[in-house]
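In what follows, a structure is listed as structure tokens, so that the remarks can point back to it.
Residue numbers (our numbering): 654 to 975.
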């Protein structure tokens with residue numbers, strides 16, 4: 654089955670619970686197919702946790718939820734060795750990070766030391782417990798949530814950790830009609846039992862390999878580079894996008910193209926994922942804040958002022974699939 658077909662089936666299953674968030678669902682699926690991690694940055698009760706749980710059911714993957722609090726320790730995430738009195742020996746106990754999908758709920762409530770415990774897992778796909786290195790299951794991804802409004806008892810994620818998230822999304826408030834549908838269908842409870850698994854971990858890994866074979870022309874690679882370079886020279890940004898961000902844009906555009914049923918990337922794929930991939934990685938200058946500029950507005954201006962490459966099909970089929 655093609656990636657586009659899997660995408661439609663997954664959208665159908667997730668939308669049994671999640672109402673009116675097709676763009677957010679597609680961006681998360683793009684990240685799943687790219688092998689990245691997601692940060693959901695929105696107010697409490699906006700459906701972040703519900704979306705993650707519904708998605709894990711549709712993906713047929715093992716799912717664990719970890720509530721981040723100020724007293725959470727790194728060992729509560731990765732695991733620890735404990736003494737087994739019956740066997741009179743130390744036994745390694747794996748933490749909740751050893752799963753396919755980890756929901757890190759309210760990640761900014763944990764202290765920086767605990768937040769950093771996720772870094773090795775997110776970047777390397779492994780954990781180290783008392784000198785023992787353990788590989789995480791494949792696939793593995795973190796979907797973290799945070800409340801951007803409350804500041805009490807919270808610790809801002811450092812730029813290095815923000816950069817490890819493939820995309821950052823907000824759910825936003827539903828429209829009047831969407832909220833009516835939510836109350837009519839979900840008012841008395843969330844029917845998770847209606848969600849059917851579309852894939853499983855083995856199929857998902859095969860989908861990732863297929864997405865990696867999508868072709869990218871030199872024109873599109875140059876277009877990505879030109880856009881990213883602008884974030885590093887903009888007078889309104891004191892921190893631009895990293896090379897890791899460029900790789901995310903590259904990988905994500907291939908996955909999104911495959912979701913549209915194509916085996917080659919076009920500029921519209923790059924434009925669609927540009928904001929979710931880049932916005933959380935940029936830091937505004939004081940002058941930009943004084944002028945009430947936003948990262949989203951600056952990124953939009955970059956798209957409008959950058960020359961779009963030609964998109965004739967033969968040009969893109971002439972590129973390499975990396």
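C-beta atoms are modelled at their ideal positions from N, C-alpha and C, and glycine is treated no differently. If you're wondering where the values come from, they're calculated on a predicted model, not measured in any experiment.
Q. Can you tell which of 858, 920, 673, 721 has the C-alpha that lies nearest to the C-alpha of residue 689?
A. Of 858, 920, 673, 721, the residue nearest in Cα terms is 858.
Q: State the CB to CB distance for the pair residue 656 and residue 863, rounded to an integer number of angstroms; the pair is presumed to be in contact (CB under 8 Å).
A: Correct: roughly 6 Å between the Cβ atoms.
Q) Should residue 640 and residue 888 be called a contact, given that it needs their Cβ atoms to be closer than 8 Å? A) Absent from the structure is residue 640, since the part of the chain shown begins at 654 and ends at 975.
Q: On the DSSP bridge assignment, give the partners of residue 758 in chain order.
A: Beta-bridge pairing links residue 758 to 720.
Q. Hey, would you say residue 808 sits closer than 8 Å to residue 779, going by beta carbons?
A. Against a cut-off of 8 Å, the Cβ pair of residue 779 and residue 808 comes out as no contact.
Q.
Quick check: what's the CA-CA separation for residue 892 versus residue 811?
A. For the pair residue 892 and residue 811, the Cα-to-Cα distance works out to about 13 Å.
Q) Using 8 Å as the threshold, is the stretch 784 to 797 in touch with the stretch 735 to 743, meaning 3 or more CB pairs across them? A) Short answer: they don't touch.
Q) Among 960, 832, 822, 955, which residue has its Cα nearest to the Cα of residue 930? A) Closest by alpha carbon: 822.
**Q.** Buried versus exposed call for residue 844 [16 or more other C-beta atoms within 10 Å across all chains shown]
**A.** That one is exposed.
Q) For residue 821, which three-state DSSP category applies? A) Note: residue 821 maps to strand in three-state DSSP.
Q) So what's residue 939 in DSSP terms, helix, strand or just coil? A) Annotated three-state conformation of residue 939 is helix, per DSSP.
Q. Unbroken alpha helix (DSSP H) runs of length 4 or more, entirely within the stretch 780 to 856: which are they?
A. The stretch 780 to 856 contains these whole alpha helix (DSSP H) runs: 812 to 815, 829 to 839.
Q | Segment contact flag, the stretch 685 to 703 with the stretch 724 to 735, C-beta cutoff 8 Å, min 3 pairs | A | No contact exists between the stretch 685 to 703 and the stretch 724 to 735.
Q) Taking contact to mean at least 3 C-beta pairs separated by less than 8 Å, is the stretch 706 to 724 in contact with the stretch 828 to 835? A) With a cut-off of 8 Å, the stretch 828 to 835 and the stretch 706 to 724 do not count as touching, because too few Cβ pairs lie within range.
Q.
Would residue 851 and residue 711 qualify as a contact pair, given that the criterion is a beta-carbon distance under 8 Å?
A. Closer than 8 Å, so yes.
(Q) Between the alpha carbons of residue 847 and residue 668, how many angstroms are there, rounded? (A) Taking the straight line from one Cα to the other gives about 11 Å.
(Q) Runs of 3 residues minimum, wholly inside the stretch 882 to 964: which ones carry the beta strand (DSSP E) assignment? (A) Those beta strand (DSSP E) runs which fall completely within the stretch 882 to 964 and span 3+ residues are 890 to 892.
Q) In this structure, does DSSP put residue 670 in helix, strand or coil? A) Secondary structure of residue 670 (DSSP, three-state): coil.
(Q) Which of the three DSSP states is assigned to residue 704 in this structure? (A) In the three-state reduction of the DSSP assignment, residue 704 falls in the helix class.
Q | Stretch-stretch touch, CB-based, cutoff 8 Å, three pairs: the stretch 945 to 957 with the stretch 871 to 884 | A | Three or more beta-carbon pairs drawn from the stretch 945 to 957 and the stretch 871 to 884 are found closer than 8 Å, and the two stretches are therefore classed as touching.
Q: Just mark residue 974 as buried or exposed, buried being the case when its beta carbon has 16 or more other beta carbons within 10 Å.
A: With a pLDDT of 43 at residue 974, under the threshold of 50, the predicted position of this residue should be treated as unreliable, though the coordinate-derived value follows. Under this definition residue 974 is an exposed residue.
Q. Which residues in the same chain as residue 835 place their Cβ atom closer than 8 Å to its Cβ, once the five residues preceding and following it in sequence are excluded?
A. Short of 8 Å from the beta carbon of residue 835, and not among the five residues preceding or following it, lie these beta carbons of its own chain, in chain order: 672, 827.
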